[in-house]
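Take the sequence shown: its position 156, counting from 1, is numbered 143 in our numbering, and each next residue is one higher.
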Amino acid sequence: MEIEFIDSHTHLYDEAFDIDFNDVIRKCQEAGIKKCVLPGEDSNHQDALNKAADLYPEYLLPCIGVHPSSLNDNWKDELNFVKNNLNSRKYYAIGEIGLDEHFDKTYLSIQKKVFKEQLRIAYEAKLPVIIHSRDSTADIFEVMENCKKEGIKIKGIFHAFSGSFETYQKIKNYGDFHFGIGGVLTFKNAKIANTIINIPLKDIVLETDSPYLAPTPLRGTRNASYNIPIIAEKLSQIKNINIEEVAKITTENAKSIFDF
Ligand SMILES: [Zn+2]
């Protein structure tokens, strides 16, 4: 039986794929990737994302959301863009949303406000969220604590999870979460490998974050969803189970989140 995977986070609509988009999709299908979830970034990227999803309906699953790094004085327009377009077609999640304090904290208070507002939109629309958190753990908890107080329930994925086991446990207290694991797991001395040993497979989904974060030995090259089996193989080694089991459980997990 063919092994089947889901890529729960991939920007295949990125211009990096403009020259050979159809070839890339074919290679993904040949590699056993059954569906690819396309997280949104902002209003500037949504047309390209939707166009890709229209070319491969039921294969490329579109999402909508404003990435924290896309926020500046435009934030009201971006937030309205999500609200006004949410029902314009079927979207599978609100994302990617969250906080990013890695390069710039100028708009941190706006990031927090827009993150919380998108968590509310997702809750009201009964959609999962895809959360991006970079150097922001404490502030992410602050926002989720406020959501808890206001009765906003959260379901979704912590994308590119790289935290400790304690952080994993703490996140689980704030909602129905899965943890996106990608190419970083294959990097030499990746700390996440030690955490992953203790995180049950039922809480994990696979992702590439293409075109970024290509796994070893392809590190530094353009990543694409067909590299998911490399990540699955590494995960199977770390957890000492076979790759079929990794594929089966992570695919079930993705189905339960995105409801496809
Ligand atoms: Zn992403």
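Glycine included, C-beta positions come from ideal geometry on N, C-alpha and C. Only a predicted model underlies this, so the values are computations on that prediction, with no experimental measurement involved.
- Residue pairing by DSSP places K22 opposite I(-7) in a beta bridge.
- Taking the Cβ of Y79 as the reference point, every heavy atom of ligand 1 lies at 8 Å or farther away.
- Nearest Cα to E65 within the set I81, F152, D29, E83: D29.
- Distance between D7 and E232, taken at the CA atoms: about 32 Å.
- DSSP, reduced to helix, strand and coil, places E88 outside both helices and strands of the structure shown, so it counts as coil.
- With the criterion CB distance below 6 Å from any heavy atom of ligand 1, the matching residues run H(-4), H(-2), P26, E83, D196 along the chain.
- Rounded to the nearest angstrom, the Cβ distance from F145 to S123 is 11 Å, too far for a contact under 8 Å.
- Residue environment analysis places A125 among the exposed positions, since fewer than 16 neighbouring C-beta atoms fall within 10 angstroms of its C-beta.
- If you compare the alpha carbons of E83, G19, D34, C15 with that of E(-11), the shortest gap goes to G19.
- F245 and C50 have their C-alpha atoms some 10 Å from each other.
- Just so you know, the alpha carbons of E104 and S75 end up roughly 19 Å apart.
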